[in-house]
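Participant: Here it is: the structure, laid out below.
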Amino acid sequence: MNVSISGHHISITDAMNTAVHEKLTKVERHFDQIQSIQVILSLDNSGASDGGKKSHKAEAILRVSGQEMFVQAFDDDMYKAINEMADKLDRQVRKYKTRQERKKVRRPGRDGRYEETMVADAAPII
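Be aware that the sequence shown starts at 490, since it is given in my numbering, and climbs by one per residue.
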């Protein structure tokens with residue numbers, strides 16, 4: 490799994506880097522066919538000048554074969570935003586995995602139906 494972490498209006502510290510990697514290992518545990526994850530941590534100061542709170546945002550783009558998943562989380566604390574982002578991503582990955590497993594179970598394929606008819610038609614000749 491290829492993880493890239495970048496910051497927008499914020500410098501990425503070692504603690505942030507470690508927190509993101511620790512949270513994303515949980516996602517990787519549930520689904521091992523992840524190609525890459527791009528994490529963007531950003532700081533929005535739009536409300537800070539007039540006494541408003543600074544808003545931290547954590548975004549992630551996860552790529553698997555044939556699909557991209559995008560999540561984002563906002564919070565006053567960057568680490569809370571990272572935790573929320575990882576939880577949302579984990580839910581999406583589990584949902585994607587169960588959909589893939591249902592597709593495998595639901596479709597037996599053309600050959601499966603063909604074998605059933607061949608066995609029924611092949612009655613012993615006496």
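In this text, a Cβ means the ideal position worked out from N, Cα and C, and glycines have one as well.
Taking residue 571 as the reference, which of 530, 518, 500 and 499 has the closest Cα?
Facilitator: Within the sequence shown, the letter at position 82 stands for residue 571. Out of 530, 518, 500 and 499, 530 has the C-alpha closest to the C-alpha of residue 571.
Participant: With respect to the alpha helix (DSSP H) encompassing residue 506, which residues constitute its N-terminal and C-terminal limits?
Facilitator: What you label residue 506 is simply residue 17 of the sequence shown in a count that begins at 1. That run of the alpha helix (DSSP H) goes 503 to 519.
Participant: State the Cα-Cα distance for the pair residue 590 and residue 534, rounded to the nearest angstrom.
Facilitator: Residue 590 sits at position 101 when you count from the first residue of the sequence shown. Residue 534 sits at position 45 when you count from the first residue of the sequence shown. Cα to Cα, residue 590 sits roughly 43 Å from residue 534.
Participant: Assuming the contact rule is C-beta atoms closer than 8 Å, residue 519 and residue 594 should be a hit. Round their C-beta distance to whole Å, please.
Facilitator: As a position in the sequence shown, residue 519 is number 30, starting the count at 1. As a position in the sequence shown, residue 594 is number 105, starting the count at 1. Between residue 594 and residue 519 the Cβ distance is about 19 Å, and since that is not below 8 Å, they are no contact.
Participant: Tell me the rounded alpha-carbon separation between residue 579 and residue 592.
Facilitator: For the purposes of this step, residue 579 is taken as residue 90 along the sequence shown, with counting starting at 1. For the purposes of this step, residue 592 is taken as residue 103 along the sequence shown, with counting starting at 1. Using only the alpha carbons, I get a separation of about 20 Å.
Participant: My guess is that residue 527 and residue 554 are in contact by the Cβ rule of under 8 Å, so how many angstroms apart are they, rounded?
Facilitator: In the sequence shown, residue 527 corresponds to position 38, counting from 1. In the sequence shown, residue 554 corresponds to position 65, counting from 1. With a Cβ gap of about 16 Å, residue 527 and residue 554 do not count as contacting.
Participant: Could you check the C-alpha separation between residue 502 and residue 558 for me, to the nearest Å?
Facilitator: Counted from its first residue, the sequence shown places residue 502 at position 13. Counted from its first residue, the sequence shown places residue 558 at position 69. Taking the straight line joining both Cα atoms gives about 25 Å.
Participant: Thinking C-beta only, is residue 517 closer than 8 Å to residue 490?
Facilitator: Here the question's residue 490 lines up with position 1 in the sequence shown. Here the question's residue 517 lines up with position 28 in the sequence shown. Yes, they are a contact pair.
Participant: Taking CB distances under 8 Å as the criterion, tell me whether residue 499 reaches chain B.
Facilitator: Among the chains of the structure shown, chain B does not appear; only one protein chain is present.
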